[in-house]
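**Student:**
The following block contains the structure:
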């Protein structure tokens, strides 16, 4: 593979721009029918046979043999031992990141996650009661690229919401196994546990954890087994098997969004050091070859400068091969007529991560309608947000920021409407409700309202 | 069919209670493989051929022939004419209900639907920007049992959220057609339009509307055609074809929950007139034969009184046949040891509608953790909430209140995280982020953070 990273160079002034732009953006999550069928079978089997099925699939796919599910449970002592084994700097970083993420999510809860109510002029009480979910499951991918930050980002908002039980599943596949629950990268010999992930479980506060993965882990969480408690919602990223299983159990339990490849879009006015922007584009591209890094900028000279920094910095990157493939296949440096046009294009993309790399970011922010997270100003690298600024790094991808939101406290709460109609309110509301109910041909609805009237009218016929 | 309604009589003191209770609650949304395949084909076809495919399916399934999609568009004049054709009382009821629903949802938006931000001690700005979706689609089932109240409950929160375009689809199948988009009930000859629904579109404010339904309408909204604009989210109830199509387009657009049969659970302490409670049970049962009405009460005498009222009131009900089938197959009158136990059982069910029919409802409300809507006190019949109290009547069913919420303004908004790291903040956060990024083997992430440090350290190797 060439070690030259050459993102596509587009210009909005070019007559071919729309077609080139569409081609670059195109990505579709093809559903694999074979995986879907296999996952459906696994779900049914775990639902019917519980622990026994989970043990069998874990042996078959992860190469990890155990005679009982208890052997696959991690303890609080395991978490603590992993934490204690880390160098001080890593321990401190985990704790500092968790503290900041917690503090942001506490502010989020205050801003909209509390119950509310009011009484209208008739004395009728109206409102919503906000309560935490009882129990949630967090899926953490296994293998080499296991991300402790992802565990923090899933567990902390659940905690802040008030969820009492957080159940983690994390596969520890043995090298050479089929690893349906892994992430495509093999691990070392005996199903090795990632100390950083276990330490993060200690810091973020996980209630129980099992070294299981894939569709079988999703099924165990959704239906419950003799050992694994049934949860109310499952969050966290996983491979195609996990994604398919989550989609299928949706309705039995809640799920978070199914994530596509990660994306960054940088809107640059040319005021940020070009090497910073180049490294920000790398930081997205290094995730995987399907990741997408796009720069939008009205200055051709600045785009040139960023390309030069890409060339200069690339050789020092350990993950250069992935970066090159990602930038060459999916990256783009787009010359726009203006920052306003750049903002309009950004809205069409609705990117997961949006850096406004400008000396005047608040001028552009109001123009940006769709994005998972907006990073304002030169100092706000996406990577600060990924780890420790406070906001969640689980964000809507593939344009779904048009209609969905970052993972948050609200994902671990639900609402119940509260209504207490006063006797006066029953008079006002009763005749309105009855009129509409008769109109819909629902006489019992109408009579239930009319019976509460001081003077109960005769029943009308359907109309 | 017998016109005797005899809901199951259970008692928590009975040793068989758990088994009987489980049997009564059991309901599963079987997915029909044949429908799934057919829907997948329809979606692909509409995606590829647009209007032409929609026209063909509308002719085939709804028996409604049109040469262009323009012929299937309803205009604002159609809405107004329908509204003008209604009796005064119906017009007033539609307007009053819409006004109250709007006022409640405005309070809901204030309570948690506004942007927020704060600055930390380093001057770093953190927050969330809350914005409306651009364009949403509302599915309204066609046929006889078309519910204007449902249109109000979907359109008003979208409006309050600030959604600019609300696109309605409502099939007008011709009698005898296959009617994949209908609700199982046939309509009169020429694909008749329901004036109440069109009048509700006028009152609630629908931007554009098309007389199409089924999977083809969902596809048109999700992918867009030459005539039907692509939306960001689709809400509203529909039959099995519509539900399957919504599930399949989820991810391309947002969707609301897929609703199961409607349910009411009444917790009664015996203080409410028994005939009111009997009628409330009817008002759920009259929806359809799968609807579920359950009474939980610690007084055997009161349960007897409710059964007597059921017997007395049933013959006057036009929908008695449906009520009888629903109550006999799925209804239950459950004698509990106490109100506390009744609350605990209610939490296990997580009902869609929960009436606390008590002289002291606020004593029990804090014990109730899971419910779509909680109706407090004798005057608060579910039917008042269904139409005009203000809260939304689109509620989580089938136990999904464990993890989901009533439809609300929040369903038509999305959030973007806001982060603006100060130069001081970049120093504090940079070293934490770099430490974690190195730990995860993501060096570009680490370098993007380190480059913003006043003193840039040498790059470390992966570990």
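Protein chains in written order, with my numbering: chain A, 1108 to 1570; chain B, 1108 to 1570.
Note that beta-carbon positions come from the ideal geometry of N, C-alpha and C, so glycine has one too.
1. Take residue 1498(B) and list the residues in its own chain whose beta-carbon comes closer than 7 angstroms to its own, dropping the five residues that flank it on each side.
2. Whose C-alpha, out of 1374(B), 1186(B) and 1417(B), is nearest the C-alpha of residue 1389(B)?
3. Going along chain A, which residues have a C-beta under 8 angstroms from residue 1596(B)?
4. Residue 1269(A) touches chain B at which residues, Cβ-Cβ below 8 angstroms?
5. Spatial neighbours of residue 1527(B) within its chain, please: CB distance less than 6 angstroms, with the 5 preceding and 5 following residues excluded, ordered by chain position.
6. Output the boundary residues of the beta strand (DSSP E) element that contains residue 1341(A).
7. In the segment 1476-1494 of chain B, which residues sit with their C-beta less than 9 angstroms from some C-beta in chain A, listed in chain order?
8. Can you tell me where the alpha helix (DSSP H) with residue 1337(B) in it begins and where it stops?
9. So, does the CB of residue 1512(B) fall closer than 8 angstroms to a CB anywhere in chain A?
10. Is DSSP giving residue 1450(A) helix, strand or coil here?
11. Short of 6 angstroms in beta carbon distance, which residues of its chain neighbour residue 1377(A), apart from the five on each side in sequence? Order them along the chain.
12. For a contact defined as C-beta to C-beta under 8 angstroms, what are the partners of residue 1231(B) on chain A?
13. Would you list the one or two residues that DSSP bridges to residue 1520(B)?
14. Verify the CB distance criterion: does residue 1464(B) have a CB-CB separation below 8 angstroms to chain A?
15. Have a look at residue 1254(A) and residue 1318(A) and give me their C-alpha separation to the nearest angstrom.
16. Restricting to Cα atoms, I'd like to know which of 1396(A), 1415(A), 1391(A) and 1450(A) is closest to residue 1404(A).
17. Drop a sphere of 10 angstroms on the beta-carbon of residue 1419(A), count the other beta-carbons inside from all chains shown, and report buried for 16 or more, exposed for fewer.
18. Apart from the five residues on each side of it in sequence, which residues of its chain come closer than 6 angstroms, Cβ to Cβ, to residue 1379(B)?
19. Residue 1389(B) versus chain A: which residues are under 7 angstroms apart at the beta carbon?
20. Return no unless some Cβ of chain B is closer than 8 angstroms to the Cβ of residue 1339(A).
21. Taking the beta strand (DSSP E) that residue 1512(A) falls in, what are its first and last residues?
22. What is the DSSP secondary structure of residue 1461(B), counted as helix, strand or coil?
23. Quick one: which unbroken alpha helix (DSSP H) runs of 4-plus residues sit fully inside the segment 1120-1170 of chain B? Chain order, please.
24. Would residue 1220(A) count as contacting chain B if we go by Cβ distances under 8 angstroms?
25. Could you spell out the range, first to last residue, of the beta strand (DSSP E) harbouring residue 1372(B)?
26. Inspect the beta-carbon positions of residue 1216(A) and residue 1262(A) and report whether they are closer than 8 angstroms.
27. At the 8 angstroms Cβ level, is residue 1238(B) part of the contact set with chain A, yes or no?
28. Beta-carbon within less than 8 angstroms of residue 1266(B)'s beta-carbon, same chain only, minus the 5 sequence neighbours each way: which residues are those?
29. Check this for me: beta carbons of residue 1478(B) and residue 1496(B), under 8 angstroms apart or not?
30. Starting from residue 1442(A), follow its DSSP beta bridges and name the residues at the other end.
31. Between the segment 1357-1376 of chain B and chain A, which residues of the former have CB atoms less than 7 angstroms from a CB of the latter, in chain order?
32. Chain A partners of residue 1558(B), CB-CB under 7 angstroms?
33. I need the boundaries of the alpha helix (DSSP H) containing residue 1276(B), first residue and last residue.
34. Within 8 angstroms (strictly less), CB to CB, does residue 1542(B) reach chain A?
35. Label residue 1144(B) either buried or exposed according to how many other C-beta atoms from any shown protein chain fall within 10 Å of its C-beta, with 16 as the threshold for buried.
36. Using the rule of at least 16 other Cβ atoms within 10 Å of the residue's Cβ for burial, across every protein chain shown, is residue 1110(A) buried or exposed?
**Tutor:** On the basis of the coordinates in this document:
1. 1211, 1480, 1492 and 1513
2. 1417(B)
3. Outside the shown range of chain B (1108 to 1570) lies residue 1596(B), about which nothing can therefore be said.
4. Residues of chain B passing the Cβ test: none, with the nearest at roughly 11 angstroms.
5. 1232
6. 1340-1342
7. Result list: 1476, 1477, 1478, 1479, 1480, 1481, 1482, 1483, 1484, 1485, 1486, 1487, 1488, 1489, 1490, 1491, 1492, 1493 and 1494.
8. Looking at the DSSP string, residue 1337(B) is not in any alpha helix (DSSP H), and its letter there is neither H nor E.
9. yes
10. helix
11. 1406 and 1409
12. 1496
13. 1239(B)
14. Chain A contact via Cβ: absent.
15. 15 angstroms
16. With distances taken between Cα atoms, residue 1404(A) lies closest to 1450(A).
17. exposed
18. 1464 and 1485
19. 1551
20. yes
21. Where residue 1512(A) is concerned, there is no enclosing beta strand (DSSP E), given that its DSSP letter is neither H nor E.
22. In the structure shown, residue 1461(B) falls within a strand segment according to DSSP collapsed to helix, strand and coil.
23. Taking only runs of at least 4 residues, the alpha helix (DSSP H) segments lying wholly in the segment 1120-1170 of chain B are 1124-1132, 1140-1156 and 1158-1169.
24. Taking Cβ atoms only, chain B reaches closer than 8 angstroms to residue 1220(A), which makes this a yes.
25. 1370-1375
26. no
27. yes
28. Closer than 8 angstroms at the Cβ level, and outside the excluded window around residue 1266(B), lie 1209, 1273, 1311 and 1312.
29. no
30. 1118(A) and 1404(A)
31. Per Cβ criterion, the list reads 1358, 1360, 1361 and 1365.
32. 1382, 1383 and 1386
33. It is not in any alpha helix (DSSP H) - residue 1276(B) instead sits in the beta strand (DSSP E) that spans 1272-1276.
34. yes
35. When all chains shown are included, residue 1144(B) counts as exposed.
36. exposed
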